[in-house]
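Trainee:
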């Protein structure tokens, strides 16, 4: 296991490097540049524009810009955000913490709820409850997040006025800070939970159904006669691999998976920062978000692969690498 983790970490370095280079070039090829966002639509002296380009390093060829940027990244310097007037690393760390405060509780609840729904749907296969749970899963997976979020805001914040519509915290909370956070988290957290729970539930139902039809399950039922014991000892362990895969994928996208949710609920996380950086052409911030998002996906995959061996000892990482 240790050798496997070391080998995957070694391979992760060039993968993250490729992601970094690709996103750098892609960002530079996008229409517009920071100069347009800074100067605006009003005419400005050419000397001033040239001075800005030189200050931001945009007067150099793209390969020179890339080389200088890689050198700074390896020294822990992700650049300076001209739109937010602070170093990119400090800005991203704060925003990433806010995004994780939204996504991690929602993803944990979604993982548990998804497995439970998948199990209940399997037990009620072919009956009304199965159809109901399948319909709920289909709704949670297919409904547009931005539309669902706005409906919740209209219902609970505007009409009923029981929950705040936007933001992460109140300027002057009436009660404890954690209670104020839960009130603000309720609506966006519910949207995140429903969406990802629907994904996990669909995979869990299919995987558990496939595991429950194995001959070893029939043999175990003949020996023990307890459905619950057979499920925990045989069905669930053999059906966990696809479930772990989709949960690991969800957690890998945790830092960027809430872009629409954060935009609707004005949650001050990476998603809203990402949208703002696109509008202002803030190259340094965009690239910093890309690096963090790419690295999180890569390392989430490594952790997921490691869990395969813990759940199912038959998995051989050397011959089943992703």
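Residue numbers (full-length UniProt numbering): 1 to 322.
C-beta atoms are modelled at their ideal positions from N, C-alpha and C, and glycine is treated no differently.
Treat the numbers as computed from the prediction; the structure is a model and nothing was measured.
So, does the segment 268-275 touch the segment 283-292, judging by three or more C-beta pairs under 8 angstroms?
Mentor: Verdict: yes, contact present.
Trainee: What residue range is occupied by the uninterrupted alpha helix (DSSP H) comprising residue 271?
Mentor: Residue numbering aside, residue 271 sits at position 271 when the chain shown is read from its first letter. Looking at the DSSP string, the run of the alpha helix (DSSP H) that includes residue 271 is 270-280.
Trainee: List the DSSP bridge partners of residue 81.
Mentor: Residue mapping note: residue 81 aligns to position 81 of the chain shown, counting from 1. Answer is 86, bridged to residue 81.
Trainee: Rounded to whole angstroms, what's the CA-CA distance from residue 188 to residue 265? Just pull it up for me.
Mentor: On the chain shown, residue 188 is found 188 positions in, with the first residue counted as 1. On the chain shown, residue 265 is found 265 positions in, with the first residue counted as 1. Near 7 angstroms, if we compare the C-alpha coordinates of residue 265 and residue 188.
Trainee: In chain order, what residues of the same chain have a beta carbon less than 7 angstroms from the beta carbon of residue 103, not counting five sequence neighbours either side?
Mentor: In the chain shown, counting from the first residue as 1, residue 103 sits at position 103. Within the same chain, residue 103 has close Cβ partners 192, 254, 257, 258.
Trainee: Might you give, ordered along the chain, the residues of its own chain that have their beta carbon closer than 6 angstroms to the beta carbon of residue 83, omitting 5 neighbours on each side?
Mentor: Looking up residue 83 in the chain shown gives position 83. Excluding residues within five positions, the ones whose Cβ falls inside 6 angstroms are 280, 282.
Trainee: Out of 151, 206, 165, state which residue places its alpha-carbon closest to the alpha-carbon of residue 181.
Mentor: Position 181 of the chain shown, counted from the start, is the residue given in the question as residue 181. Among 151, 206, 165, the Cα nearest to that of residue 181 belongs to 165.
Trainee: With a cut-off of 8 angstroms on the beta carbons, I'd call residue 199 and residue 308 a contact; round off their distance for me.
Mentor: Locating residue 199 in the chain shown gives position 199, where the first residue counts as 1. Locating residue 308 in the chain shown gives position 308, where the first residue counts as 1. Wrong, their Cβ atoms sit about 19 angstroms apart, outside the cutoff.
Trainee: What does the Cβ neighbour count give for residue 179, buried or exposed, with the cut at 16 atoms within 10 Å?
Mentor: In the chain shown, residue 179 corresponds to position 179, counting from 1. Label assigned to residue 179: exposed.
Trainee: My output table needs one value for residue 161: the three-state DSSP class, helix, strand or coil.
Mentor: Position 161 of the chain shown holds residue 161. Residue state, collapsed to three classes: coil.
Trainee: Can you check the segment 181-211 for any alpha helix (DSSP H) of at least 4 residues that lies completely inside it and give the ranges in chain order?
Mentor: Runs of the alpha helix (DSSP H) inside the segment 181-211: none found.
Trainee: For residue 57 versus residue 66, is the C-beta distance shorter than 8 angstroms?
Mentor: Within the chain shown, residue 57 is the residue found at index 57, counting from 1. Within the chain shown, residue 66 is the residue found at index 66, counting from 1. In this structure, residue 66 does not lie closer than 8 angstroms to residue 57 by Cβ.
Trainee: Spatial neighbours of residue 234 within its chain, please: CB distance less than 7 angstroms, with the 5 preceding and 5 following residues excluded, ordered by chain position.
Mentor: Against the chain shown, residue 234 aligns to sequence position 234. Correct list, in chain order: 216, 217, 220.
Trainee: Taking residue 153 as the reference, give the member of 305, 167, 231 with the closest Cα.
Mentor: Taking the chain shown and counting its residues from 1, one reaches residue 153 at position 153. Residue 153 has its Cα closest to that of 167, out of 305, 167, 231.
Trainee: Going by beta-carbon coordinates alone, are residue 304 and residue 81 separated by less than 8 angstroms?
Mentor: Position 304 of the chain shown, counting from 1, holds the residue named residue 304. Position 81 of the chain shown, counting from 1, holds the residue named residue 81. Contact: no.
Trainee: Ignoring anything shorter than 4 residues, give me the alpha helix (DSSP H) runs that lie fully in the segment 13-41, in order along the chain.
Mentor: The qualifying runs are 34-39.
Trainee: Contact between the segment 195-209 and the segment 115-135: three or more CB pairs below 8 angstroms?
Mentor: These segments touch.
Trainee: Got a sec, what are the start and stop residues for the alpha helix (DSSP H) residue 63 sits in?
Mentor: For the purposes of this step, residue 63 is identified with residue 63 of the chain shown, where counting begins at 1. Looking at the DSSP string, the run of the alpha helix (DSSP H) that includes residue 63 is 62-74.
Trainee: Suppose the cutoff is 8 angstroms on Cβ atoms and the five residues either side in sequence are ignored; what does the same chain contact list for residue 92 look like?
Mentor: For the purposes of this step, residue 92 is taken as residue 92 along the chain shown, with counting starting at 1. Closer than 8 angstroms at Cβ, skipping near neighbours: 78, 270, 273, 285, 288, 289, 292.
Trainee: So is residue 99 buried or exposed if we call it buried at 16+ other beta carbons inside 10 Å?
Mentor: Residue 99 sits at position 99 when you count from the first residue of the chain shown. Counting Cβ neighbours within 10 Å, residue 99 comes out buried, since at least 16 surround it.
Trainee: My output table needs one value for residue 168: the three-state DSSP class, helix, strand or coil.
Mentor: Here residue 168 is taken as the residue at index 168 of the chain shown, counted from 1. DSSP places residue 168 in coil when its eight states are reduced to three.
Trainee: Over the uninterrupted alpha helix (DSSP H) stretch that includes residue 129, give me the two end residues.
Mentor: Stepping through the chain shown from its first residue, residue 129 is reached at position 129. Per DSSP, residue 129 belongs to the alpha helix (DSSP H) from 128-142.
Trainee: If we count Cβ pairs, one from each stretch, closer than 8 angstroms, do we get three or more for the segment 138-145 versus the segment 207-214?
Mentor: These segments do not touch.
Trainee: Looking only at C-alpha atoms, which of 211, 50, 197, 251 sits nearest to residue 327?
Mentor: Any answer about residue 327 is impossible in this case: the structure gives the chain only from 1 up to 322.
Trainee: Could you check where the alpha helix (DSSP H) with residue 227 kicks off and where it finishes?
Mentor: Taking the first residue of the chain shown as 1, we reach residue 227 at position 227. From DSSP, the alpha helix (DSSP H) with residue 227 extends over 227-230.
Trainee: Out of curiosity, what's the CA-to-CA distance linking residue 148 and residue 45?
Mentor: Numbered from its first residue, the chain shown carries residue 148 at position 148. Numbered from its first residue, the chain shown carries residue 45 at position 45. C-alpha separation (whole angstroms): 47 angstroms.
Trainee: Comparing alpha-carbon positions, which option in 262, 251, 260, 310 lies nearest residue 301?
Mentor: Within the chain shown, numbered from 1, the residue matching residue 301 stands at position 301. It is 251.
Trainee: Tell me the DSSP secondary structure of residue 99 in three-state form.
Mentor: Position 99 of the chain shown, counting from 1, holds the residue named residue 99. It is helical.
Trainee: By the three-class DSSP mapping on this structure, what secondary structure does residue 298 have?
Mentor: For this step, residue 298 is matched to residue 298 along the chain shown. The answer is helix: DSSP assigns residue 298 an H, G or I state.
Trainee: Which residues bound the alpha helix (DSSP H) around residue 150?
Mentor: Taking the first residue of the chain shown as 1, we reach residue 150 at position 150. It spans 145-152 - the alpha helix (DSSP H) in which residue 150 sits, taken as one unbroken run.
Trainee: With a cut-off of 8 angstroms on the beta carbons, I'd call residue 145 and residue 195 a contact; round off their distance for me.
Mentor: The residue labelled residue 145 in the question sits at position 145 within the chain shown. The residue labelled residue 195 in the question sits at position 195 within the chain shown. Right, their Cβ atoms sit about 6 angstroms apart.
Trainee: On the CB-based measure, 16 or more other CB atoms within 10 Å of its CB, does residue 24 come out buried or exposed?
Mentor: Counting from 1 along the chain shown, the entry for residue 24 is found at position 24. With 16 or more Cβ atoms within 10 Å of its Cβ, residue 24 is classed as buried.
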